[in-house]
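Numbering (the working numbering), first residue to last: 22 to 524.
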Ligand SMILES: [Zn+2]
């Protein structure tokens, strides 16, 4: 009732402020030319925002959001789930026993909260890392009778070298242009190193994704490009930031009709070493990689519905990916995304909140090796895309979130303002228009479903990403809770709004 009485006063204040701002913004000249009888909508929008527009939510719903935010900041559930997934279950490579264990564990946890749980099948790659060693066997200035270790890790999907390894000269290029400039036959039978540097300054400024995007092209396409010019194997400089001689793995791709050659990522330090020595004279490397690619294996997306009370058929997806690379335990990539998404269901359960629409937790399978889980979901749910009201994925770590990325109609930014205001006390109030929001929900984004992700501080994310150092300790409990707050508040907001998010 109080809110009801206050509303006209607030509206009046807004009107007065709009009038004042219109004068300030248009200036005396334009006023003389054409005095607008109505303020322009953009000015009104902005003032409504400043005055605390409630938009698609009632004061009670905004209060629920604030309660969810506070509960997320205090509740240890997300942290405990992350600890179990990483320390107890461990690495969760697609097709592995641990990935299956994680599927069963998460499904049981969601069932225990009263969610309606389904496992939806997807066939996923089943690649197993073998031995991975390399040593320099000849180089300028070599001490006779010695070798020198090179630190590397096989890229996901890589084929093997012969079991005894292969020995070949190393050719170093910094980029595609340098490869194209080599004389014909220069790479034939040799080991080709793509020495493209991850832009650490860009990452330090908060644009880690751009730095990653620049480097990852070589990881993905390097083996095909190398095979096309006759290389025996390809090495790429690790796509990542820290200087602790850590190799960063990740998926690589082959194409039909081009020979599959072994591929590994060397550390940044070893890439520098190889480049320096190769500039002085011939360098020979002995490389042994023994991964195996087994037949595709059945696996599952875990789907857990917190059923809507008015429109149960309408769903809001809150998600992360359950699989991880095998070098570490997949804490920041993407155990954290799973844990904060689980927390959304857990807090709805704890606080007894039942939104109008269904909140659908999804633990995606095999994001790292081709997003087979997401592809299977798009096929299985093709007829229900219109009932997907929104989709959220967290897959950029667990550092402090500064706001929300949104992809879809520009109007989403304005629509989300009241939600951003609820997230302001934890510093997550910015709204950032983005072309896409998460690998697993891209299919939904492309079909016009409004999609979202937390804007995470990713300045150090790519230091650990896809390395042996992606472990539980890298996640700050307070930051994890902030991410859980963003996911939970946003999921509730999308699921309970009077009008659905613009699309
Ligand atoms: Zn990921």
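Backbone N, C-alpha and C define an ideal beta-carbon position, used for all residues, glycine too.
| Check | Outcome |
| --- | --- |
| Are there any heavy atoms of ligand 1 lying less than 7 Å away from the beta-carbon of residue 534, as far as the coordinates show? | Outside the modelled stretch of the chain, which goes from 22 to 524, sits residue 534, for which no answer is possible. |
| Quick one: grab the DSSP three-state call for residue 464. | helix |
| Tell me whether residue 269, by its Cβ, gets closer than 7 Å to a heavy atom of ligand 1. | no |
| With distances taken from each beta carbon to the nearest heavy atom of ligand 3, which residues come in below 6 Å, in chain order? | Of the ligands one can find in the structure shown, namely ligand 1, none is ligand 3. |
| Taking DSSP as the reference, what is the three-state secondary structure of residue 137? | strand |
| Can you list, in chain order, the residues of its chain whose CB lies under 6 Å from that of residue 459, leaving out five sequence neighbours each side? | 414, 416, 474 |
| Taking just the CA atoms, how far does residue 168 sit from residue 305? | 10 Å |
| Less than 7 Å between C-beta atoms, sequence neighbours within five positions excluded: which residues of the same chain meet that for residue 493? | 103, 104, 107, 108, 350, 352 |
| Could you tell me the boundaries of the alpha helix (DSSP H) in which residue 297 lies? | 289-301 |
| What runs of the beta strand (DSSP E), each 3 residues or longer, lie entirely inside the segment 243-286? | 254-258 |
| What whole-angstrom Cβ distance do residue 153 and residue 285 have, given they're in contact under 8 Å? | 6 Å |
| Once DSSP output is grouped into helix, strand and coil, what is the label at residue 499? | helix |
| May I ask you to report which of helix, strand or coil DSSP gives residue 240? | helix |
| For a test of the three-state rule: what should DSSP assign to residue 507, helix, strand or coil? | helix |
| Are there 16 or more other CB atoms within 10 angstroms of the CB of residue 97, so buried, or fewer, so exposed? | exposed |
| To which residues of the same chain is residue 296 closer than 6 Å at the C-beta, ignoring the five residues directly before and after it? | 193, 216 |
| How long is the line joining the alpha carbons of residue 522 and residue 243, rounded to whole angstroms? | 41 Å |
| Can you round the beta-carbon distance between residue 397 and residue 143 to whole angstroms, since I take them to be within the 8 Å contact cut? | 4 Å |
| Using CA atoms only, rank isn't needed, just tell me which of 293, 427, 186 is closest to residue 266. | 293 |
| Which stretch, first to last residue, makes up the beta strand (DSSP E) that contains residue 228? | Residue 228 -> no beta strand (DSSP E), and no H or E assigned at all. |
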